[in-house]
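In our numbering, each residue's number is its place in the sequence shown (first place is 1) plus 622.
Each remark here refers to the structure printed beneath this line.
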Amino acid sequence: MSTGPPSPASQRRRQCAAAVAAAAAACLAPLVVFLAVLVLAPSLIPRLLLRPHHVVPYVTSAELRLLSFDTAASALAYNLSTVLRFDGPPGLYARRYTGIKAAPFYAGQELGAAVALPEFTQRRGGSGGGGATLPVAWAGVQRVTPGGRGARAVAAALARERAQGLISVKVAVRAAQDGEESDFACVLSFPVPRKRDGSGRGAAPGVFDGGSCADAVRGEF
Numbered sequence: 623m624s625t626g627p628p629s630p631a632s633q634r635r636r637q638c639a640a641a642v643a644a645a646a647a648a649c650l651a652p653l654v655v656f657l658a659v660l661v662l663a664p665s666l667i668p669r670l671l672l673r674p675h676h677v678v679p680y681v682t683s684a685e686l687r688l689l690s691f692d693t694a695a696s697a698l699a700y701n702l703s704t705v706l707r708f709d710g711p712p713g714l715y716a717r718r719y720t721g722i723k724a725a726p727f728y729a730g731q732e733l734g735a736a737v738a739l740p741e742f743t744q745r746r747g748g749s750g751g752g753g754a755t756l757p758v759a760w761a762g763v764q765r766v767t768p769g770g771r772g773a774r775a776v777a778a779a780l781a782r783e784r785a786q787g788l789i790s791v792k793v794a795v796r797a798a799q800d801g802e803e804s805d806f807a808c809v810l811s812f813p814v815p816r817k818r819d820g821s822g823r824g825a826a827p828g829v830f831d832g833g834s835c836a837d838a839v840r841g842e843f
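And the structure:
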């Protein structure tokens with residue numbers, strides 16, 4: 623069996639084959655790119671050009687029925703309900719919302735645990751982009767470490783805001799939109815709940831008429 627160098631004819635044949643393969647690849651590459659763009663463009667163009675980075679929720683309505691601080695017990699009593707709305711531009715694409723949670727805060731103090739809200743898909747077309755309205759409520763008593771900075775901040779904030787006639791509660795919201803997590807802060811300003819009559823029974827809730835939330839820094843959940 624010969625192990626000598628290839629003949630000039632064999633080398634020329636190999637060079638010709640390599641040149642033909644390179645030319646074929648150069649000709650086919652634009653065609654492959656064109657076909658890929660043709661197939662992917664209908665789904666990529668709306669996502670890359672038409673959709674916002676994410677949809678910011680807003681509060682359609684909210685009620686504050688109770689917010690009081692018992693200094694002796696160092697406990698914050700609360701009763702809050704709100705309705706969140708996620709909307710987007712209609713008719714462009716479907717977006718999946720997962721891991722939706724909401725939690726209220728007052729003067730830096732969390733009022734109970736975060737509540738998990740139903741997942742949903744924002745369908746193509748339809749009024750409001752196929753978004754979802756998500757009601758959520760919190761009620762209970764939150765213990766605050768007595769004598770600490772948190773208790774002093776809550777007592778001072780509540781005294782000041784009651785005197786001003788408006789109480790501000792923040793609702794923190796987290797949602798993953800198509801797998802990308804975002805945090806939002808919804809600041810709600812309520813008139814101070816008032817007693818309905820002189821009997822002392824019940825109180826007219828403070829009502830928030832709605833407004834947009836804003837992007838927030840991670841770390842409140």
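Where a beta carbon is used, it is the ideal one built from N, C-alpha and C, also for glycine.
Check whether the segment 802-809 and the segment 735-746 are in contact - that is, three or more C-beta pairs closer than 8 Å. The segment 802-809 makes no contact with the segment 735-746, as fewer than three CB pairs between them are under 8 Å.
request  = Specify the secondary structure class of Ala735 as computed by DSSP and reduced to three states.
outcome  = Correct three-state label for Ala735: coil.
**Prompt:** Among Pro827, Arg774, Glu803, Ala759, which has the Cα closest to the Cα of Ile789?
**Reply:** The closest CA to that of Ile789, considering only Pro827, Arg774, Glu803, Ala759, is found on Pro827.
Expressed to the nearest angstrom, what Euclidean distance is found between the alpha-carbon atoms of Ala773 and Asn701?
Their Cα atoms are separated by approximately 19 Å.
Requested in this report: Can you tell me which of the three DSSP states Glu783 falls into?
Outcome: Helix, per DSSP.
* To do: Can you have a look at Thr704 and say buried or exposed, based on whether 16 or more other CB atoms are within 10 angstroms of its CB?
  => The Cβ neighbour count for Thr704, taken over all protein chains shown within 10 Å, is at least 16; the residue is labelled buried.
Coil, strand or helix - Arg840 by DSSP: Three-state DSSP puts Arg840 in coil, outside helix and strand.
* Best match in Gly730, Val814, Ser683, Ala761 for proximity to Ala699 [C-alpha to C-alpha] -> The shortest C-alpha separation from Ala699 is found at Ala761.
Whole angstroms are fine: how far does the CA of Arg707 sit from the CA of Ser749? The predicted position of Ser749 is uncertain, since its pLDDT is 45 and thus under 50; no value can be drawn from it.
Between which two residues does the beta strand (DSSP E) harbouring Val705 extend?
Unbroken beta strand (DSSP E) run through Val705: 697-708.
C-alpha gap between Thr755 and Phe742, whole angstroms:
C-alpha separation (whole angstroms): 10 Å.
Anyone know if the C-beta pair for Tyr680 and Ser804 falls short of 8 Å?
Against a cut-off of 8 Å, the Cβ pair of Ser804 and Tyr680 comes out as no contact.
- Query: Which stretch, first to last residue, makes up the beta strand (DSSP E) that contains Val791?
  - Reply: First-last of the beta strand (DSSP E) with Val791: 788-799.
Buried or exposed: which applies to Gln786, given that a residue is buried once 16 or more other Cβ atoms fall within 10 Å of its Cβ?
Around the CB of Gln786, fewer than 16 other CB atoms lie within 10 Å, so the residue is classed as exposed.
**Prompt:** Quick one: what's Pro757 bridged to in DSSP?
**Reply:** Beta-bridge pairing links Pro757 to Val705.
ask   = Under the rule that 16 or more other beta-carbon atoms within 10 Å means buried, what is Arg840, buried or exposed?
value = Exposed, since its Cβ has fewer than 16 Cβ neighbours within 10 Å.
| task | Can you check DSSP and say which residues form a bridge with Val809? | result | Per the DSSP secondary-structure output, Val809 pairs in a beta bridge with Lys792.
Are Arg765 and Ser696 close, meaning C-beta to C-beta below 8 Å? With respect to Ser696, Arg765 sits close: the two C-beta atoms are nearer than 8 Å.
| said: With DSSP as the reference, identify every bridge partner of Arg717, one or two as the case may be. | reply: Arg717 is bridged by DSSP to Gln744.
- Query: Which partner residues of Val681 appear in the DSSP bridge assignment?
  - Reply: Partner residues in the beta bridge of Val681, as assigned by DSSP, are Leu706, Gly833.
Item to complete: Report the residue from Arg718, Ile722, Tyr719, Tyr728 whose alpha carbon sits nearest the alpha carbon of Glu783.
Response: Selected option, being the one with the closest Cα: Tyr728.
In terms of DSSP beta bridges, what is Arg765 paired with?
Arg765 is bridged to Ala697.
- For Leu688, is the classification buried or exposed, using 16 other Cβ atoms within 10 angstroms of its Cβ as the cut-off for buried? It is exposed - the Cβ of Leu688 has fewer than 16 other Cβ atoms within 10 Å.
Counterpart residues of Pro726 in DSSP-defined beta bridges
Val793, per the DSSP bridge assignment.
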